[in-house]
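Everything below concerns the one structure shown next.
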């Protein structure tokens, strides 16, 4: 067996049988493979959040085939894809950017094929549920050692859809970064590293002025929630090594109506 | 071991420990058995939806013992059951119809027993949680090869409770079908096949007139969501080979206040 | 391998990748270990409910390392802990009482260590996600047979934080007990046994007067939901051998605005 594990992420949720049925398909083909359910609670059709979670979490996963299904374009022209990375890892899912950040984190796409109905899919591929009929069986066969080239026609890797994350911008003594993720606790994750923030504004241990739209707050740059009192604001490096803006035991996103894609600005507190 | 897998469906939800505790009971008896969680998000006490999901999904599952627990009558007179089908597959759960469609899909019930407190249940069977104390241990023992006849007294298979799905009715150039399931995206699934719809009204590629109560819409009969624009209505064969009425990237059930059990009518568009 | 299973409980929920990432960490270290997800739907930061569920459910689990993460104090002074019980079982989690009831149910804590960043944690332990970086790897290593003493400095077991459940109080012909848990169906679980209730008020089969604040109801003391009509009140021993106050096919907690920590009083019906 080429891979003992399949890491599975989707926006299928938990109220229907979508996840369980994909498990059944995989186990019918590859009974010895183990499936690690990374997350199926991605907001419906939120490709970018799915891509970020995959890229962030892969560092913590055992070697595995990655199966990602957040697929608003299922049944239309978007390509169904399998990718091999420079590190020899495989990713399976739609060509809509979902896999792009994870592929980059695994050394970059080295080869890709457009999946076709074949001996490695279910006999009938339903256009409305390719997760079950195409992606799951292909992931199972890759885990069992089937070669990528047998799964479909090659696609130039430069043609694959990519997600671009806007880099932080420094101007007028401020650094402006984009909200890329809000977790269920309302913590606001930015596309900004500790090093970038320290270089442009202030180092951990100092205070920052944080701005969102017209609002500004003076906020300590700490290293743990518990360093401020409950209900107090804080800025810190989060568990995925991004800068987060948060409220200790509170919900920063709801309190200040912050959404994914918003800009947050930081400068040193004078 | 008679079966490597147990396929498990319930209405236990995910906020309590009901599912996890049943896993523990099964693993305590049969550590080598693998449990595939088909779905635990069935609406509380919704026997018919549970029965439909079991019957639809089993086709995609590896050979397994089926454990189904949607059981509003737990602790009352309804029988606890284990069934062997003509295909030699086993199903365990309450005798309220939950297992009936799956049993039919697996060749029909060939033998059934009324489960009793025995060496194959937990020592104390609590009347309020037979899922844990009776059904889970019995499923584990069946997976390990214990014979059905050892689990309780025989029940004539003709006495088992069945769920009847109302068949579609053709009248006055229309075909009327019943809503049997609404998924979390609001897609409306009917007890109607593509062949039945094509024979009575129109074939894929044509337009249909779809009616619900006093309302009617002209709707294309397509083969994928993406063939209509976002927010547009469509009729198509869904992933379980039933006809569905849906809105591309929208929620048809909420938009038109359609509920399980409602009647939807179709005729050719003139 | 010392233990084939890890029993995992947390308040991580299902919308983020927290649970899946911890699975990845465990499987990266101990690919052969099986994880039983007892429950991840504990209300955020509700240590007491987590502790009760762990203690109640362990009786049904196979021998396993217990991993519990409900941790409002993560990143502050509270100790990260591994415990060995008198029965030779291991528990891993924060020293905030979460593990205390389970440890007691497994013979009582015999030895404990304060976990440190070491060869048995991830190389970098992030203060905001010790579940991933410290507790998960330690649980995996314990399951593989690493000795407790290698994981950190000893802590006197008498210093561990404990959760105390208020015992029922008998006075003026009444017994007053505390609501310790409300499940998703709204059933109200009390820190009161059938024996205690029978000794102080009445035996199963009788009627009781149940009081909450100013309200009182006459309620039958039964042994199953189905012994009363739908929407009727009942008192019975629940599946964890505690007395529960409930409404058949209804939601007692919502109907009477009962919360965890409230007092419920029982006396014989004259």
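Protein chains in written order, with my numbering: chain A, 163 to 432; chain D, 163 to 432; chain B, 163 to 432. In this text, a Cβ means the ideal position worked out from N, Cα and C, and glycines have one as well. Every value quoted in this text rests on a predicted model; they were computed, and no experiment measured them.
Per DSSP, what are the beta-bridge partners of residue i in this structure?
i, result
"residue 331 (chain B)", "B:338"
"residue 351 (chain A)", "A:343, A:406"
"residue 374 (chain B)", "B:377"
"residue 199 (chain A)", "A:170"
"residue 369 (chain A)", "A:382"
"residue 271 (chain A)", "A:247"
"residue 277 (chain B)", "B:314"
So with CB distances below 7 Å, who are the chain D contacts of residue i?
i, result
"residue 288 (chain A)", "401"
"residue 385 (chain B)", "289"
"residue 167 (chain B)", "189"
Starting from residue i, find everything on chain A with Cβ-Cβ shorter than 9 Å and list it in chain order.
i, result
"residue 291 (chain B)", "400, 401, 402"
"residue 198 (chain D)", "182, 185, 186, 189"
"residue 238 (chain B)", "386, 387, 388, 389"
Kindly list, in the order they appear in chain A, the residues whose Cβ is closer than 7 Å to that of residue i.
i, result
"residue 187 (chain B)", "222"
Quick one: residues in its chain with C-beta nearer than 8 Å to the C-beta of residue i, no 5 flanking neighbours on either side, listed in chain order?
i, result
"residue 406 (chain B)", "349, 350, 351, 352, 397, 398, 399, 400"
"residue 388 (chain B)", "410"
"residue 378 (chain D)", "371, 372"
"residue 264 (chain A)", "213, 216, 217, 220, 228, 230, 253"
"residue 431 (chain A)", "364, 368, 369, 370, 371, 380"
"residue 413 (chain D)", "347, 348"
What are the start and end residues of the beta strand (DSSP E) that includes residue i?
i, result
"residue 299 (chain B)", "Not the beta strand (DSSP E): residue 299 (chain B) falls in the alpha helix (DSSP H), residues 298–305."
"residue 429 (chain A)", "425–430"
"residue 313 (chain B)", "Segment: none, residue 313 (chain B) is in no beta strand (DSSP E) and carries neither H nor E."
"residue 244 (chain A)", "242–247"
"residue 226 (chain B)", "226–231"
"residue 253 (chain D)", "252–256"
Kindly indicate the opening and closing residues of the alpha helix (DSSP H) around residue i.
i, result
"residue 359 (chain A)", "356–362"
"residue 191 (chain B)", "180–191"
"residue 418 (chain D)", "414–418"
"residue 396 (chain D)", "It is not in any alpha helix (DSSP H) - residue 396 (chain D) instead sits in the beta strand (DSSP E) that spans 395–399."
"residue 212 (chain B)", "209–219"
Considering only residues of the same chain and omitting the five flanking positions on each side of residue i, which have a CB-CB separation below 6 Å?
i, result
"residue 236 (chain A)", "292"
"residue 232 (chain D)", "173, 204, 209, 212, 260"
"residue 206 (chain D)", "173"
"residue 251 (chain D)", "268"
"residue 356 (chain D)", "399"
"residue 276 (chain B)", "241, 314, 315, 317"
"residue 424 (chain D)", "341"
"residue 408 (chain D)", "349, 396, 414"
So with CB distances below 7 Å, who are the chain B contacts of residue i?
i, result
"residue 433 (chain D)", "Residue 433 (chain D) cannot be examined here, being either before or after the span of chain D that is shown, 163 to 432."
"residue 215 (chain A)", "179"
"residue 193 (chain D)", "166, 224"
Using the beta-carbon of each residue, which ones in chain A are nearer than 8 Å to residue i?
i, result
"residue 411 (chain D)", "207, 234"
What does a CB cutoff of less than 7 Å around residue i pick up in its chain, not counting 5 residues either side in sequence?
i, result
"residue 301 (chain A)", "168, 188, 227, 229, 254"
"residue 483 (chain A)", "Nothing in the structure corresponds to residue 483 (chain A), since chain A is present only between 163 and 432."
"residue 342 (chain D)", "214, 327, 351, 352, 353, 422"
"residue 191 (chain A)", "299, 302, 303"
"residue 113 (chain D)", "With chain D represented from 163 up to 432, any question about residue 113 (chain D) goes unanswered, as that position is not in the structure."
"residue 330 (chain A)", "337, 338, 339, 353, 354, 358"
"residue 271 (chain D)", "245, 247, 265, 319, 322"
So is residue i in contact with chain C if we call contact Cβ pairs under 8 Å?
i, result
"residue 415 (chain B)", "Absent from the structure: chain C. Protein chains present are A, D and B."
Confirm the yes/no value for this check: CB of residue i, any heavy atom of the ligand ATP, distance under 7 Å.
i, result
"residue 181 (chain B)", "No copy of the ligand ATP occurs in the structure displayed, which carries no ligand at all."
Using a C-beta to C-beta distance shorter than 9 Å, which residues of chain D count as neighbours of residue i?
i, result
"residue 294 (chain A)", "222, 401"
For a contact meaning CB atoms closer than 9 Å, what does residue i contact in chain B?
i, result
"residue 219 (chain A)", "179, 182, 183, 186"
> Does the region 173–190 of chain D touch the region 285–295 of chain D, meaning 3 or more C-beta pairs lie closer than 8 Å?
Replying inline: yes
> Quick check: the region 163–180 of chain D against the region 188–205 of chain B, are there 3 or more CB pairs under 8 Å?
Replying inline: yes
> Should the region 380–387 of chain D be called in touch with the region 320–337 of chain D, which here means at least 3 C-beta pairs below 8 Å?
Replying inline: no
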